[in-house]
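Asks: Structure below; questions to follow.
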Amino acid sequence: MPPLKPFIPFLLAFLPKPAWCMGFSFIFFGFSFLLKMFVGVAQNCKARIMNTPKIKTHRITDEFTNQNHFFILSKGNNAGKPLLNPCPNCFVVIACNLEEKEYFYWLCYGLWVGGFFRQVLVGSVIPFLRIGELHRVINATKSKVAVRKEALLNSLEILNKLSTHQENLVKQIQLIKQAKKAIMYKVLS
């Protein structure tokens with residue numbers, strides 16, 4: 000029995016040249032269209048995954064044009080505390096958009112409140128947080144929390160409301176102190 004010849008090249012040999020080229024281009028461009036479609040879907044899926052933000056040491060001369068950043072205190076007993084305004088000895092965390100900024104701000108806030116940064120502080124007199132350790136803690140926590148994202152978002156919403164309530168209470172305490180001073184000033188003068 001003679002060896003079998005491949006079926007498609009055998010048929011293409013009998014077709015006129017332009018038909019063969021058209022068939023090849025139809026198959027090639029049809030697959031390229033599907034490939035582009037699948038790559039586009041993959042890129043959309045990647046866009047929904049939270050990337051690790053860029054973390055740098057803050058310098059006074061740095062200026063930021065967008066609002067997609069926050070600061071993390073790097074030295075002292077409160078190292079790891081996220082801040083909205085810069086201060087000396089802090090890191091700047093630059094996110095891709097406001098949603099990621101809020102996500103990572105509250106994630107870092109939860110890590111700071113939970114004492115997760117205290118475990119990686121170094122220094123005997125003034126404790127400080129290394130940028131590499133900050134990256135490691137954020138990445139490890141981000142991967143753990145990714146599974147329970149809905150619970151995290153609910154917790155972040157509650158933390159945001161509690162933070163607003165705390166600011167209101169601080170303002171009320173300041174007003175009470177001023178009222179006490181005014182009463183004592185009125186009595187003693």
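Residue 13 in numbering that gives the first Met the number 0 sits at position 14 of the sequence shown, and the numbers go up by one each step. From the three backbone atoms N, C-alpha and C, an ideal C-beta is built for every residue, glycine too. Quick caveat, the model's predicted, so the values are computed rather than measured.
1. Which stretch, first to last residue, makes up the beta strand (DSSP E) that contains K74?
2. Between I137, F69, Y108 and V146, which has its C-alpha nearest V91's C-alpha?
3. Kindly provide the ranges of any alpha helix (DSSP H) runs that are 4 or more residues long and lie completely inside the region 77-119, ordered along the chain.
4. Locate the beta strand (DSSP E) running through I54, then write down its first and last residues.
5. What does DSSP give as the partner residue(s) for F127 in the beta ladder?
6. So is V136 buried or exposed if we call it buried at 16+ other beta carbons inside 10 Å?
7. I want to know whether the region 144-160 touches the region 105-124 - three or more CB-CB distances under 8 Å.
8. Which same chain residues end up closer than 6 Å to K80 when comparing Cβ atoms and leaving out the 5 residues on each side of it in sequence?
9. Give the DSSP-derived three-state secondary structure of E132 in the structure shown.
10. Provide the residue span of the alpha helix (DSSP H) that contains V169, from first to last.
11. Just to confirm my understanding: we take N50, look at its own chain, exclude 5 residues before and 5 after, and list those with CB closer than 8 Å. What are they?
12. Report the CB separation of V119 from E132 in whole angstroms; it is logged as a contact under 8 Å.
13. State the Cα-Cα distance for the pair T191 and K53, rounded to the nearest angstrom.
14. Which class does N50 belong to by DSSP, given the choice of helix, strand or coil?
15. Give the single residue among R129, P87, I93 and A78 whose Cα lies nearest to the Cα of G114.
16. For K170, collect the residues of the same chain with a Cβ closer than 7 Å to its Cβ; drop the 5 residues on either side in sequence, then sort them by chain order.
17. Rounded to a whole number of angstroms, what is the C-alpha to C-alpha distance between S188 and K176?
18. Can you list, in chain order, the residues of its chain with a C-beta nearer than 7 Å to that of L128? Leave out the 5 residues immediately preceding and following it.
Replies: From the atom records:
1. By 1-based counting over the sequence shown, the position of residue 74 is 75. Neither: K74 is in no beta strand (DSSP E) and is coded neither H nor E.
2. The residue given as residue 91 occupies position 92 in the sequence shown. Ranked by Cα distance from V91, the first of I137, F69, Y108 and V146 is F69.
3. 97-112
4. Reading the sequence shown from its first residue, position 55 is the one you call residue 54. Taken as a continuous stretch (DSSP letters only), the beta strand (DSSP E) holding I54 covers K53 to T56.
5. The residue you call residue 127 lines up with position 128 of the sequence shown. In DSSP, F127 forms a bridge with K74 and V121.
6. Here residue 136 is taken as the residue at index 137 of the sequence shown, counted from 1. Buried, since its Cβ has 16 or more Cβ neighbours within 10 Å.
7. Counting C-beta pairs with one atom in each stretch, the region 144-160 and the region 105-124 have three or more that are closer than 8 Å, which means they touch.
8. As a working note, residue 80 is residue 81 in the sequence shown. Excluding sequence neighbours, K80 sits near L72 and W111.
9. Along the sequence shown, one-based indexing puts residue 132 at 133. Three-state DSSP puts E132 in a helix.
10. If you number the sequence shown from 1, residue 169 lands on position 170. Here the alpha helix (DSSP H) through V169 covers K148 to L187.
11. Counting from 1 along the sequence shown, the entry for residue 50 is found at position 51. Contacts found: C95 and E99.
12. Taking the first residue of the sequence shown as 1, we reach residue 119 at position 120. Taking the first residue of the sequence shown as 1, we reach residue 132 at position 133. That belief holds up - the Cβ atoms of V119 and E132 are roughly 4 Å apart, short of 8 Å.
13. Nothing can be reported for residue 191: it is not among the residues displayed for the chain, which extend from 0 to 188.
14. Residue 50 sits at position 51 when you count from the first residue of the sequence shown. In the structure shown, N50 sits in coil (DSSP, three-state: anything other than H, G, I, E or B).
15. On the sequence shown, residue 114 is found 115 positions in, with the first residue counted as 1. Of the candidates R129, P87, I93 and A78, the one whose C-alpha sits nearest the C-alpha of G114 is A78.
16. Looking up residue 170 in the sequence shown gives position 171. Excluding sequence neighbours, K170 sits near nothing in its chain.
17. Sequence index remark: in the sequence shown, residue 188 carries index 189 (1-based). Sequence index remark: in the sequence shown, residue 176 carries index 177 (1-based). C-alpha separation (whole angstroms): 18 Å.
18. Position 129 of the sequence shown, counted from the first residue, corresponds to residue 128. Result list for L128: S73, A78, G79, F116, V119 and L120, in chain order.
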